[in-house]
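In my numbering, each residue's number is its place in the sequence shown (first place is 1) plus 4. The C-beta atom is built at its ideal place from N, Cα and C for all residues, glycine as well. The structure appears right after this line, and notes come after that.
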Amino acid sequence: MSALDAVSKPKTKRAKRFLEKRDAKVIENVKNAMFIKGGNTSEMVTQALRDIHSLKKPNAVLYRKKNITRPFEDQTSVEFFSKKSDCSLFIFGSHNKKRPHNLIIGRMFDYHVLDMIELGIEKFSGLKDFKNSKSAEGSKPMLIFAGDDFELDNDLKRLKNLFIDFFRGPVVPNIRLGGLEIVLHFTALAGKIFMRSYKVLLKKSGCRTPRIELEEMGPSFNFVLRRTHLASDDLYKKSLEQPKALKAKKKKNISQDVFGTTFGRIHMEKQDLSKLQTRKMKGLKKRKGEKMVVPEEAESSPKMAKQQ
5 MSALDAVSKP KTKRAKRFLE KRDAKVIENV KNAMFIKGGN TSEMVTQALR DIHSLKKPNA
65 VLYRKKNITR PFEDQTSVEF FSKKSDCSLF IFGSHNKKRP HNLIIGRMFD YHVLDMIELG
125 IEKFSGLKDF KNSKSAEGSK PMLIFAGDDF ELDNDLKRLK NLFIDFFRGP VVPNIRLGGL
185 EIVLHFTALA GKIFMRSYKV LLKKSGCRTP RIELEEMGPS FNFVLRRTHL ASDDLYKKSL
245 EQPKALKAKK KKNISQDVFG TTFGRIHMEK QDLSKLQTRK MKGLKKRKGE KMVVPEEAES
305 SPKMAKQQ
């Protein structure tokens, strides 16, 4: 057991706040990502890690020192860094003769590796290669996925989900039009993945709605899919479970049809109609001079005859 796994009581208020911040919450914080350099990296991989880190900031941690590890063979180092920096997403960059310009993108569940997908960089253009203005730090990007392979291929389907998890940013209730500054476009075609980054330009259109133009700002990638390490269906389903506090409580006797109309069922006790109070009407009152109609059987009875 490592020092990070040991359970100890905090001795100061600062340590207590630190442990409470890492505890499980009903509504989790924004996922942080860590960027790790392998024992041998190329200039292309190093610049790619820096550019993706700039897109992910401020929810990102960049390790500048080299780390001699291989996530597909030994995952303990990545899990150690994840627990140390409290990050649930990671990108590991490496370079060798067998797998040149290599990036491994993955995510954690309970500080253990859940999914890992290895991507090879075939073509790369960094932020410095585009001479234009960049977006502000912490901007929430808009994600666009093109290509049927993202829906048909199981590996690319999980890669799409991983990209969404990595770049989605914080969950916000509202967003202003001027805050939509970045577009990340992913295309799957002929076994390759193309990633392009654009800046949104709002220009005058002569009306209230501005005219929108996209200007490429970088980084730009041409990826090829290599190795994959995907979680089993049971583990993946467990990672998607939500706390009971977030689940909507089912209301009894309320249902909805296919059109969204809400129906309610009301249960009432059986009413005694003999005690029902009706409205008094003049037409139901007896008038003077009216004789009560007596049935023939009642007239023949001795009691009725005596009364007459």
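List the DSSP bridge partners of residue i.
| i | result |
| --- | --- |
| residue 233 | 120 |
| residue 202 | 187 and 220 |
| residue 147 | 188 |
| residue 111 | 93 and 119 |
| residue 239 | BP columns for residue 239 are empty, so no partner. |
| residue 44 | In the DSSP output, where bridge partners are listed per residue, residue 44 has none listed. |
| residue 268 | 258 |
| residue 252 | DSSP output for residue 252 lists no bridge partner at all. |
| residue 128 | 225 |
Would you tell me roughly how many angstroms separate the C-alpha atoms of residue i and residue j, rounded to the nearest one?
| i | j | result |
| --- | --- | --- |
| residue 141 | residue 51 | 18 Å |
| residue 204 | residue 176 | 20 Å |
| residue 21 | residue 68 | 28 Å |
| residue 42 | residue 143 | 28 Å |
| residue 266 | residue 180 | 33 Å |
| residue 275 | residue 178 | 51 Å |
| residue 13 | residue 194 | 55 Å |
| residue 217 | residue 182 | 13 Å |
| residue 18 | residue 173 | 27 Å |
| residue 60 | residue 247 | 27 Å |
| residue 73 | residue 81 | 7 Å |
| residue 110 | residue 87 | 15 Å |
| residue 271 | residue 277 | 18 Å |
| residue 206 | residue 158 | 37 Å |
Excluding the five sequence neighbours on either side, which residues of its own chain have a C-beta within less than 6 Å of the C-beta of residue i, listed in chain order?
| i | result |
| --- | --- |
| residue 200 | 189 and 224 |
| residue 170 | 93 |
| residue 310 | Model confidence at residue 310 stands at a pLDDT of 46, short of 50, so the residue's coordinates are unreliable; what they give is reported in the following sentence. Excluding positions up to five away in sequence, the list is empty. |
| residue 23 | 14 |
Tell me, to the nearest whole angstrom, how far the beta carbon of residue i is from that of residue j; I am working on the premise that it is less than 8 Å.
| i | j | result |
| --- | --- | --- |
| residue 122 | residue 226 | That belief does not hold up - the Cβ atoms of residue 122 and residue 226 are roughly 15 Å apart, past 8 Å. |
| residue 146 | residue 187 | 5 Å |
| residue 63 | residue 35 | 7 Å |
| residue 85 | residue 66 | Wrong, their Cβ atoms sit about 12 Å apart, outside the cutoff. |
| residue 116 | residue 155 | With 8 Å as the limit, residue 116 and residue 155 do not qualify as a contact, their Cβ atoms being about 28 Å apart. |
| residue 103 | residue 230 | 7 Å |
| residue 228 | residue 254 | Contact flag wrong, Cβ pair sits at about 47 Å. |
| residue 233 | residue 134 | Not quite, the Cβ-Cβ distance comes to about 33 Å (not below 8 Å), so this is no contact. |
Excluding sequence positions up to five away, which residues of its chain have a Cβ less than 8 Å from the Cβ of residue i?
| i | result |
| --- | --- |
| residue 137 | 203 and 221 |
| residue 243 | 113, 118 and 235 |
| residue 261 | 267 |
Kindly list the residues whose CB is nearer than 7 Å to the CB of residue i, restricted to its own chain and excluding five residues on each side of it in sequence; keep chain order.
| i | result |
| --- | --- |
| residue 185 | 139, 140, 143, 203 and 204 |
| residue 268 | 257 and 258 |
| residue 153 | 160 and 192 |
| residue 105 | 46, 48, 49, 99, 124 and 125 |
| residue 149 | 164 and 190 |
| residue 91 | 36, 37, 38 and 65 |
| residue 58 | 131 |
| residue 166 | 109, 111, 119 and 121 |
Please tell me whether residue i has its Cβ less than 8 Å away from any Cβ of chain C.
| i | result |
| --- | --- |
| residue 123 | Looking at the structure shown, chain C is missing, and only one protein chain is on hand. |
Looking at residue i and the ligand SAM, is the gap between the Cβ and the nearest heavy atom below 7 Å?
| i | result |
| --- | --- |
| residue 128 | Although the ligand SAM was asked about, the structure shown includes no ligands whatsoever. |
Review point. Contact between the segment 204-212 and the segment 90-98: three or more CB pairs below 8 Å?
Key: no
Review point. Does the pairing of the segment 124-143 with the segment 153-164 give three or more beta-carbon distances under 8 Å?
Key: They do not touch, by the three-pair rule.
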